[in-house]
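**Student:** One structure follows; several queries about it will come next.
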Amino acid sequence: MHTEGHLRAVFRESGFRRLLATRLTSQVADGFFQAGLAGTLLFNPNNQTSAMAVATGFALLVVPYSILGPYVGVFLDRWSRRNILFVANIVRAVLVVPTALLIGFGSDVWLYSTGALLIIAVNRFILAGLSAAQPHVVTDENLVTANSIAPTLGTAAYTTGIGTAAGIRLLIGDSSADYGVISSIAVVGYLAAALIARASFPVAALGPDESERHADRSITAEIGRITRGMADGVRHLAERRGAAYLMITQGIYRFLYGVLTIATLQLFRVYFDSGAHSEKAIGGLAAVFVAGSIGGLIGALITPKLTRRFGPRMWVLVVLCGVGADIVVFGPPFVQILLIVATFVLNIGSQSLKIVLDTSIQISCDDQYRGRVFSFNDTAFNVCWVLGQLVGAMVLPDDGKSLAVIIAIAVGYLLLAGGYALASRRHTPYDRPSWTTTQ
């Protein structure tokens, strides 16, 4: 069966459509809440948020979420996933109310960031629960297609939420109260997602089945087992040099990407707009976001074909050299349109590298370790990005403009290409194509 046939078969499954409705409704609400949160941090005239405050905020929101990830399965494998989707969305709706009020009243950033941290942590249960439930609503032969289409549409829903929130912000204003209103709209989406999940599925319909359930083990024993398993996964990864070297390469890539994230935010907020809160700054960063999203999509589309044609190692080297050249050419002029182009190319590289690494892990790591290696990779992916932001906040001026830092990052990517070329001569990511037309 070709891809189109799998796609039609997936959407004929009523369970898949109902689960997808839960996902899309929830992720639209995520877009509203996070747009309100980001807006008050970056563009609220009452807040003069420094680069370090922004970087620290990202760290508080992303790092706990990343560390929590591997342990979510402890609960997903013993409690009804239908109930988890229902209760977790209700909890988020309840948490949004005081958090939006704190944003609206212009409270200290640490107060509403605590609420946001809890909401985003609960989101880990939602996304993991949706993924774990997927095999219960589609057949095995259509699972790859379902796993591809559902997260993609979820990202589109999230982006739609952000875009709609941005449109509302243009209509109502940019005060603390306005951002509080935007954040509070998420309550409607979270409640709707909870009700869809509860009304669409019987309590046991999404698992876990008895064969999946680990009720005979205590929660603390399961947490200890997962911690030991993560360590075993890292040791196993160390023996798979091709995947290990590529994961190190991606970590450095993400670190440098984090420095560029802070530089870009400050350039558009401060350097290109002395007011730091105008429509121009918001429009510029929106263009950066869209360009980056398109770049990631193109990276996902071209990488399978180019890795088949040139091999994964060569494609990684092309990406790293291309990104280094991209920053050298488009960075130093400090012109908005050129930085948007640079972001587009940077995200092609980021997504390409991620796909090659994911494939390398799938091929080279034994099945019993694969999940643990992926969990470690997901954590490293986010933590390296946050570390880059923190370092960027320390070395960059307030307006984000530093020719020395831009050149250093470009040189860093080129040196990374050279280092990976040497390390991977005898340890390529994988030796055979793994992409088929049915995927």
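If you count the sequence shown from 1, you need to add 50 to reach this note's numbering.
Just so it is clear, CB atoms sit at the ideal spot from N, CA and C, and this is done for glycine as well.
My output table needs one value for K451: the three-state DSSP class, helix, strand or coil.
**Tutor:** Here the question's residue 451 lines up with position 401 in the sequence shown. In this structure, K451 counts as coil in the three-state DSSP scheme.
**Student:** Evaluate contact between the segment 73–86 and the segment 229–238, counting only Cβ atoms and requiring at least three cross-stretch pairs below 8 Å.
**Tutor:** As far as the Cβ criterion goes, the segment 73–86 touches the segment 229–238, which means the pair count is three or higher.
**Student:** Starting from Q316 and walking both ways along the alpha helix (DSSP H), at which residues does that stretch end?
**Tutor:** To locate residue 316, count along the sequence shown from 1; it is residue 266. First-last of the alpha helix (DSSP H) with Q316: 291–316.
**Student:** If you draw a straight line from the alpha carbon of I405 to that of F155, how long is it in whole angstroms?
**Tutor:** Translated into positions along the sequence shown, residue 405 becomes position 355. Translated into positions along the sequence shown, residue 155 becomes position 105. Looking at the two C-alpha atoms, the distance is approximately 43 Å.
**Student:** If you run the structure through DSSP and keep just helix, strand and coil, what is Y470?
**Tutor:** As a working note, residue 470 is residue 420 in the sequence shown. In the structure shown, Y470 sits in a helix (DSSP, three-state: H, G or I).
**Student:** Helix, strand or coil for V188 per DSSP?
**Tutor:** Position 138 of the sequence shown, counted from the start, is the residue given in the question as residue 188. In the structure shown, V188 falls within a coil segment according to DSSP collapsed to helix, strand and coil.
**Student:** Apart from the five residues on each side of it in sequence, which residues of its chain come closer than 7 Å, Cβ to Cβ, to A326?
**Tutor:** On the sequence shown, position 276 is the one that residue 326 refers to. In this predicted model, A326 has a pLDDT of only 49, less than 50, meaning its place in the structure is not dependable; the value taken from the coordinates is given anyway. When the five nearest sequence neighbours on each side are left out, the beta carbons in the same chain lying within less than 7 Å of the beta carbon of A326 are those of R319, V320, in order along the chain.
**Student:** Between L241 and V122, what straight-line distance do the alpha-carbon atoms span, to the nearest angstrom?
**Tutor:** The residue given as residue 241 occupies position 191 in the sequence shown. The residue given as residue 122 occupies position 72 in the sequence shown. Spanning the two alpha carbons is a distance of roughly 22 Å.
**Student:** Any beta-carbon of chain D closer than 8 Å to the one on A313?
**Tutor:** You won't find chain D in this structure, because it holds only one protein chain.
**Student:** Starting from F108 and walking both ways along the alpha helix (DSSP H), at which residues does that stretch end?
**Tutor:** For this step, residue 108 is matched to residue 58 along the sequence shown. 101–118 is the span of the alpha helix (DSSP H), which, as asked, contains F108.
**Student:** When DSSP labels each residue in this structure, what does C415 get in the three-state scheme?
**Tutor:** Position 365 of the sequence shown, counted from the start, is the residue given in the question as residue 415. Coil at C415, not helix or strand.
**Student:** Using a Cβ-Cβ cutoff of less than 7 Å, which residues in the same chain neighbour A183 once the five nearest sequence positions on both sides are dropped?
**Tutor:** Along the sequence shown, one-based indexing puts residue 183 at 133. Beyond the five residues adjoining it in sequence on each side, A183 comes within less than 7 Å, by CB distance, of L69, R131, L256, G257 in the same chain, given in chain order.
**Student:** Report the rounded CA-to-CA distance for A103 versus A254, giving the unit in angstroms.
**Tutor:** The residue given as residue 103 occupies position 53 in the sequence shown. The residue given as residue 254 occupies position 204 in the sequence shown. Their Cα atoms are separated by approximately 44 Å.
**Student:** Short of 6 Å in beta carbon distance, which residues of its chain neighbour T357, apart from the five on each side in sequence? Order them along the chain.
**Tutor:** Here residue 357 corresponds to residue number 307 of the sequence shown, with the count starting at 1. Excluding positions up to five away in sequence, the list reads W365.
**Student:** Quick one: grab the DSSP three-state call for T75.
**Tutor:** Position 25 of the sequence shown, counted from the first residue, corresponds to residue 75. T75: helix per DSSP, three-state reduction.
**Student:** If you count every other CB in all the chains shown that lies within 10 Å of the CB of M495, and 16 or more means buried, which is it?
**Tutor:** Residue 495 lies beyond the range of the chain shown here (51 to 489); nothing can be said about it.
**Student:** For the alpha helix (DSSP H) holding R128, just list the boundary residues, first then last.
**Tutor:** Position 78 of the sequence shown, counted from the first residue, corresponds to residue 128. Per DSSP, R128 belongs to no alpha helix (DSSP H) and is neither H nor E.
**Student:** Helix, strand or coil, according to DSSP, for A326 in the structure here?
**Tutor:** For the purposes of this step, residue 326 is taken as residue 276 along the sequence shown, with counting starting at 1. Because the pLDDT at A326 is just 49, under 50, the model does not fix this residue reliably, and the point stays unresolved.
**Student:** Between which two residues does the alpha helix (DSSP H) holding Y240 run?
**Tutor:** For the purposes of this step, residue 240 is taken as the residue at position 190 of the sequence shown. Note, Y240: alpha helix (DSSP H), 236–250.
**Student:** Within 10 Å of its beta-carbon, does G468 have 16 or more other beta-carbons around it, so buried, or fewer, so exposed?
**Tutor:** What you label residue 468 is simply residue 418 of the sequence shown in a count that begins at 1. Exposed, since its Cβ has fewer than 16 Cβ neighbours within 10 Å.
**Student:** Roughly how far, in whole angstroms, is the beta-carbon of S157 from the beta-carbon of L110, given that I think they are within contact range, below 8 Å?
**Tutor:** For the purposes of this step, residue 157 is identified with residue 107 of the sequence shown, where counting begins at 1. For the purposes of this step, residue 110 is identified with residue 60 of the sequence shown, where counting begins at 1. Contact flag wrong, Cβ pair sits at about 16 Å.
**Student:** Would you report the Cα separation of V506 and S64, rounded to the nearest angstrom?
**Tutor:** Absent from the structure is residue 506, since the part of the chain shown begins at 51 and ends at 489.
**Student:** Taking 8 Å as the threshold (C-beta atoms), are G292 and V423 in contact?
**Tutor:** Along the sequence shown, read from residue 1 onward, the residue named residue 423 stands at position 373. Along the sequence shown, read from residue 1 onward, the residue named residue 292 stands at position 242. Contact flag unset, no.
**Student:** Which runs of the beta strand (DSSP E), 3 residues or longer, sit entirely within the segment 129–177?
**Tutor:** none
**Student:** By Cβ distance, which residues of its chain are closer than 6 Å to T311, with the 5 residues on each side in sequence left out?
**Tutor:** Here residue 311 refers to the residue found at position 261 when the sequence shown is read from its first residue. If we look at T311 and ignore the five residues flanking it on each side, its Cβ neighbours are Q439.
**Student:** Would you kindly work out how many angstroms separate the C-alpha atoms of T277 and A430, rounded to a whole number?
**Tutor:** On the sequence shown, position 227 is the one that residue 277 refers to. On the sequence shown, position 380 is the one that residue 430 refers to. Going from the Cα of T277 to the Cα of A430 covers about 15 Å.
**Student:** Assuming I134 contacts F175 (C-beta within less than 8 Å), just tell me the rounded distance between them.
**Tutor:** Along the sequence shown, read from residue 1 onward, the residue named residue 134 stands at position 84. Along the sequence shown, read from residue 1 onward, the residue named residue 175 stands at position 125. About 6 Å separates the two Cβ atoms, so the contact holds.
**Student:** Which one of N427, A375, Y463, G361 has the shortest CA to CA distance from T478?
**Tutor:** For the purposes of this step, residue 478 is taken as residue 428 along the sequence shown, with counting starting at 1. Proximity to T478 across N427, A375, Y463, G361 peaks at G361, based on C-alpha coordinates.
**Student:** Between the Cα of R475 and the Cα atoms of T202, L296, Y307, which residue gives the shortest distance?
**Tutor:** On the sequence shown, residue 475 is found 425 positions in, with the first residue counted as 1. Nearest of T202, L296, Y307 to R475, Cα basis: L296.
**Student:** Please determine if the segment 136–148 and the segment 194–207 are in contact, where contact requires at least 3 C-beta pairs separated by less than 8 Å.
**Tutor:** no
**Student:** For the alpha helix (DSSP H) that contains G374, what are its first and last residues?
**Tutor:** Position 324 of the sequence shown, counted from the first residue, corresponds to residue 374. That run of the alpha helix (DSSP H) goes 362–380.
**Student:** Return helix, strand or coil for L25, following the three-state DSSP convention.
**Tutor:** Residue 25 is absent from the structure shown; the chain starts at 51 and stops at 489.
**Student:** Please report the straight-line C-alpha distance between D376 and R248, rounded to a whole angstrom.
**Tutor:** Position 326 of the sequence shown, counting from 1, holds the residue named residue 376. Position 198 of the sequence shown, counting from 1, holds the residue named residue 248. Take the alpha-carbon of D376 and the one of R248: they are about 49 Å apart.
**Student:** Cβ atoms of T299 and L466: under 8 Å apart, would you say?
**Tutor:** In the sequence shown, counting from the first residue as 1, residue 466 sits at position 416. In the sequence shown, counting from the first residue as 1, residue 299 sits at position 249. Taking 8 Å as the Cβ cut-off, L466 and T299 qualify as a contacting pair.
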